[in-house]
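S.K.: Residue numbers (my numbering): 64 to 202.
Every residue, glycine too, gets a C-beta built ideally from N, C-alpha and C.
1) Assuming residue 152 and residue 74 are in contact, meaning their beta carbons sit under 8 Å apart, how far apart are those beta carbons, in whole angstroms?
2) Who are residue 87's beta bridge partners in DSSP?
3) To which residues of the same chain is residue 86 closer than 6 Å at the C-beta, ignoring the five residues directly before and after it?
4) Could you pull the start and end residues of the beta strand (DSSP E) that residue 130 belongs to?
5) Rounding to the nearest angstrom, what Cα-Cα distance links residue 78 and residue 108 in this structure?
6) Within the chosen definition, does the region 159 to 169 reach the region 124 to 138 through at least 3 CB pairs nearer than 8 Å?
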C-alpha cells in the first residue's frame, strides 16, 4: 500500500533576496516513492514534473519576484504547497544633486529626497555641513 505525498515543512514568511545573488527554493515532501515535483510562479508552471525537489535561480533578477508554489505527486495523488512570496531587493541609480536653499531665520526650508528606483524603500539620512541631522519635532 502507498502513502499520498505530504509536506514536512510549509513555506515560511516572505523571503527577500538581493538582486544578483543565487536563490534556491526547496520543497520538503514525503510519501511513497517515487516523488515528482513541479514549480509554479504566479500561477504559471515554470518547470515540468521531475525528481528535483529544489528550484534554483543562479542570478536573481527583479522579474523573479512573486509567489512560488511546489506541486508534489506520486502514484497515490498530488498536493499543492502553500504559496511562498519571494521579493527581490535592489538599489537603482539616483542623482545626488546638491540642494541649496536660502531662508530667513525662523522660516522653513523644504528639501526633496532624490528619486531612486529601489526595493525596499531606502532609509534617508540628512546632513548639514558634514554633520548628521538628528530628526526632531523641528526637523
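M.R.: On the basis of the supplied data:
1) As a working note, residue 152 is residue 89 in the chain shown. As a working note, residue 74 is residue 11 in the chain shown. Their Cβ separation, rounded to whole angstroms, is 19 Å, which puts residue 152 and residue 74 out of contact at 8 Å.
2) Residue 87 sits at position 24 when you count from the first residue of the chain shown. Bridge partners of residue 87 according to DSSP: 119.
3) Reading the chain shown from its first residue, position 23 is the one you call residue 86. Result list for residue 86: 80, 120 and 123, in chain order.
4) On the chain shown, residue 130 is found 67 positions in, with the first residue counted as 1. Per DSSP, residue 130 belongs to the beta strand (DSSP E) from 129 to 137.
5) The residue you call residue 78 lines up with position 15 of the chain shown. The residue you call residue 108 lines up with position 45 of the chain shown. Spanning the alpha carbons of residue 78 and residue 108 requires a straight line of approximately 20 Å.
6) Counting C-beta pairs with one atom in each stretch, the region 159 to 169 and the region 124 to 138 have fewer than three that are closer than 8 Å, which means they do not touch.
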